[in-house]
């Protein structure tokens, strides 16, 4: 096939039929070149992640693909909260607690925590709250650190005091994150 294009150069080809496409934005319907087995796709749109990538997990509108090729759920950015109406509660990492008792609510730090794990305590009743520790644990609030071990604690002075803690040394040391909403805390 030899045809002249807009610049009078011959178009040579030995297979296929049809016309030369000279448009800036052509719509090509043929030929079907098949699916490449390997290669890098660039400057293209419409790649469907569920069929175009090798990843673990299930893609959806509520997941994202991490650098390790696994689909992860998008976090809401908040932690779940539990209303505690009793007088004691063992804490678990990355959870918040709302102390709602007319008597003191005693919380116990989790024995296992990774650096970056958080805890939150909010008081909404007159009894207030206390956070107790296990052997080797401590809570740092500003320049003051609680007594290391089971004898150490942090106690609210008002029923509506609140604070958020972050684990800064795995399993053992917690520090206050931001300023407590408090009329004062008792640190032992």
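In this note's numbering, the protein residues as written are 222 to 409. The beta-carbon is built from N, C-alpha and C at its ideal position, and this holds for glycine as well.
Between residue 382 and residue 406, the CB-CB gap stays under 8 Å. Annotation for residue 388: 334, 336, 338 and 395 place their beta carbon closer than 6 Å to its own, counting only its chain and skipping 5 residues before and after. Residue 322 and residue 306 do touch by the CB rule: their CB atoms are close to 6 Å apart, below 8 Å. Beta-bridge partners of residue 344 (DSSP): 320. Assignment of residue 387 by DSSP, reduced to helix, strand and coil, places it in the strand class. Within the same chain, and ignoring the five residues on either side of residue 341 in sequence, the residues whose Cβ sits closer than 8 Å to its Cβ are 300, 302, 316, 317, 318, 383, 384, 385 and 386.
For residue 325 against residue 354, the beta-carbon gap comes to about 16 Å, at or over 8 Å, which does not count as contact.
Distance from residue 377 to residue 349 at the Cβ level is roughly 4 Å; contact confirmed, criterion being Cβ atoms closer than 8 Å. Assignment of residue 396 by DSSP, reduced to helix, strand and coil, places it in the strand class. In the structure shown, residue 330 adopts coil according to DSSP, grouped into three states. Leaving aside the five residues that flank residue 408 on each side, the residues in its chain whose CB is nearer than 7 Å to its CB run, in chain order, 362, 365, 367 and 375.
Sequence-distant partners of residue 311 (beyond 5 residues in either direction) whose C-beta falls short of 6 Å from its own C-beta, in its chain, are 329.
Between residue 344 and residue 314, the alpha-carbon positions lie close to 18 Å from each other. In the structure shown, residue 300 adopts coil according to DSSP, grouped into three states.
Counting other Cβ atoms within 10 Å of its Cβ, residue 356 stays below 16 and is therefore classed as exposed. Rounded to whole angstroms, the separation of the alpha carbons of residue 401 and residue 393 is 21 Å.
Per DSSP, the beta-bridge partners of residue 376 are 351 and 407. In this structure, the straight-line span from the alpha carbon of residue 351 to that of residue 327 is close to 5 Å.
Cα atoms of residue 369 and residue 320: separation of roughly 24 Å, rounded to the nearest angstrom.
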